[in-house]
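A.B. asks: Residue numbers (mature numbering (1 follows the signal peptide of the UniProt record, and there is no 0)): -16 to -1, 1 to 180.
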Amino acid sequence: LLLFTFCVFFLRLERATKITWDPNTAHPRLVFFNDNTEVSTTNDVPQFQDNPGRFDVVLGVLGSTGFSRGRHYWEVSVAEKLCYHIGMVSESAKRKGSLSFRPAKGFWTIVLNKQNELKAIDRTSVTLQVERLPITLGILLDYNKGQVSFYDSGARSHLYSFSGQEFTDRIFPFLNYCLQKYTGNGNSLKPLSVRK
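Written out as structure tokens, the structure is:
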């Protein structure tokens, strides 16, 4: 079983999908670098054109490409981050105002909160028991199967799966940026980076 899991994991890595972020969906405080693969925040909010697809309260952004079939795997580096909120979102999910990040609302995400707890936001929040926090998160969407799975790609271990979902429109990579205070850790304020 261990060997099978190991082989399947690396099969997914070989089929990794290139992900970039879509600034047209981003909260105005988010800024992007390195061909829109890295995201951070700014206090200097530039002039921008609002649109129905832009997050205006949560510091959210969608990936540039949505998926309506097949399997798609991507990774994001979260090394030494104090908090993060990452996953997949339905194209029709609400983006304005305060949001509920539940599968029933079109969000399939996990969060590292500022209490250092890693949680899956399912119908209720599920605390994930891990020996060490992930350095790199892997996210696998299996659209046809109705499943979103999360992996600690460094440890080659499964973290959580949202199974039995009924997808009806396109599903996008999603990031809700977590504001962090500097604690002397130089990496804590570096941009969140999608692995190429």
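Idealized CB from N, CA, C, for every residue including glycine.
#1: Please identify the residue among Val62, Asp106, Ala63 and Gly90 whose C-alpha is closest to the C-alpha of Met72.
#2: Would you call Thr152 buried or exposed, if buried means 16 or more other Cβ atoms sit within 10 Å of its Cβ?
#3: Would you mind working out which of Leu117, Asn160 and Leu124 sits nearest Glu64, comparing C-alpha positions?
#4: According to the neighbour-count rule (16 or more other Cβ atoms, all chains shown, within 10 Å of its Cβ), is Arg107 buried or exposed?
#5: Between which two residues does the beta strand (DSSP E) carrying Phe91 extend?
#6: What are the boundary residues of the beta strand (DSSP E) that includes Ile70?
#7: Whose C-beta lies closer than 7 Å to the C-beta of residue 194 among residues of the same chain, with five residues either side of it excluded?
#8: In whole angstroms, what separates the C-alpha of Asn8 from that of Gly122?
#9: What are the start and end residues of each continuous beta strand (DSSP E) run of 3 or more residues lying completely inside the segment 22 to 73, in chain order?
#10: On a Cα-Cα basis, can you pick out the residue from Arg154, Tyr161 and Ile94 that is closest to Ser48?
#11: Whole angstroms is fine: what's the gap from Gly54's alpha carbon to Asp126's?
#12: In this structure, does DSSP put Phe9 in helix, strand or coil?
#13: Output yes or no for whether 7 Å exceeds the beta carbon distance between Leu46 and Asp6.
#14: Under a Cβ-count criterion, where at least 16 other Cβ atoms within 10 Å of its own Cβ denotes burial, should Asn160 be classed as buried or exposed?
#15: When burial is assigned at 16 or more other CB atoms within 10 Å of the CB, is Val132 buried or exposed?
#16: Are the beta-carbon atoms belonging to Ile105 and Phe85 less than 7 Å from one another?
#17: Only counting the same chain, and skipping five residues up and downstream in sequence, which positions put a Cβ closer than 8 Å to that of Asn97?
#18: Tell whether a beta-carbon distance below 7 Å holds between Ile119 and Gly148.
C.D. replies: Short version:
#1: Gly90
#2: exposed
#3: The closest CA to that of Glu64, considering only Leu117, Asn160 and Leu124, is found on Leu117.
#4: exposed
#5: Phe91 to Leu96
#6: Tyr68 to Ser74
#7: In this structure the chain extends from -16 to 180, so residue 194 is not present and cannot be described.
#8: 24 Å
#9: 22 to 25, 44 to 46 and 55 to 61
#10: Out of Arg154, Tyr161 and Ile94, Arg154 has the C-alpha closest to the C-alpha of Ser48.
#11: 6 Å
#12: One point to set straight first is that residue 9 is Thr, not Phe, in the sequence displayed. If DSSP states are grouped into helix, strand and coil, Thr9 belongs with the helices.
#13: Using a Cβ distance threshold of 7 Å, Leu46 and Asp6 count as a contacting pair.
#14: buried
#15: Per the 10 Å Cβ criterion, buried.
#16: Yes, the pair counts as a contact, with Cβ atoms nearer than the cut-off.
#17: Cys67 and Lys103
#18: no
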